[in-house]
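According to my numbering, the sequence shown is numbered sequentially starting from 5.
A virtual CB, placed ideally from N, CA and C, is assigned to each residue, including glycine.
Below you'll find the structure, written out as structure tokens, and then a few comments.
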Amino acid sequence: MTTISIGLEKAEFDPAAYLYFDALHQKLAPFLGQSEDAIPILTASFRASNVIVARHEGAILGLAGYQCNKEGFIDLNLPALFRRYPLSGVIRLAGLCLLDRHCPADALLLDGICVAPEARGKGIGTA
Numbered sequence: 005m006t007t008i009s010i011g012l013e014k015a016e017f018d019p020a021a022y023l024y025f026d027a028l029h030q031k032l033a034p035f036l037g038q039s040e041d042a043i044p045i046l047t048a049s050f051r052a053s054n055v056i057v058a059r060h061e062g063a064i065l066g067l068a069g070y071q072c073n074k075e076g077f078i079d080l081n082l083p084a085l086f087r088r089y090p091l092s093g094v095i096r097l098a099g100l101c102l103l104d105r106h107c108p109a110d111a112l113l114l115d116g117i118c119v120a121p122e123a124r125g126k127g128i129g130t131a
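In structure tokens, the structure reads:
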């Protein structure tokens with residue numbers, strides 16, 4: 005059975021990060037590098053309460069991160085970024101700031117949506 009709920013469990017951070025990075029690779033890789041560098045930064049940056057998750061038998065099929073009340077799904081963890089990139093972290097941070105979007109306090113902003121390859125075309129990402 006497929007379920008839809010709000011929030012990620014800590015044990016789901018790694019699979020969620022791989023799914024998120026795979027779907028948004030072209031946008032994120034120039035700033036976060038390849039998956040072995042990006043995944044620890046993403047898992048340290050997740051705000052688990054700001055994501056809608058589709059699961060089937062416990063496996064994550066899709067994520068829809070959102071921003072509301074000035075809090076988004078990704079809250080960039082600067083120590084994690086600078087641990088991974090001590091010399092180029094500032095430049096990478098500047099690039100990531102270009103991707104950041106803000107929404108008014110009374111609005112909801114979709115902040116990244118991704119669906120597992122095996123679940124695409126099956127309605128997981130549709131409202």
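- Between the alpha carbons of A42 and A20 lies a gap of roughly 12 angstroms.
- Residue pairing for G69: DSSP places it in a beta bridge opposite V55.
- Within the same chain, Cβ atoms closer than 7 angstroms to the Cβ of L114 are found at A68 and Y70, the five residues on either side in sequence being excluded.
- Beta-carbon to beta-carbon, K74 and A109 are separated by about 7 angstroms, close enough to satisfy the 8 angstroms threshold.
- In the DSSP secondary-structure assignment, S9 is bridged to V57.
- For L80, no alpha helix (DSSP H) segment is defined, and its DSSP state is neither H nor E.
- Each residue's CA atom was taken as its position, placing I10 and N54 some 7 angstroms apart.
- In this structure, DSSP gives G116 an extended state, which the three-state scheme calls strand.
- Taking D18 as the centre and dropping the five residues before and after it, the same chain places the C-beta of I43 and T47 closer than 8 angstroms to its C-beta, in chain order.
- Here DSSP, grouped into helix, strand and coil, assigns A63 to strand.
- According to the DSSP secondary-structure assignment, F86 is paired through a beta bridge with no residue.
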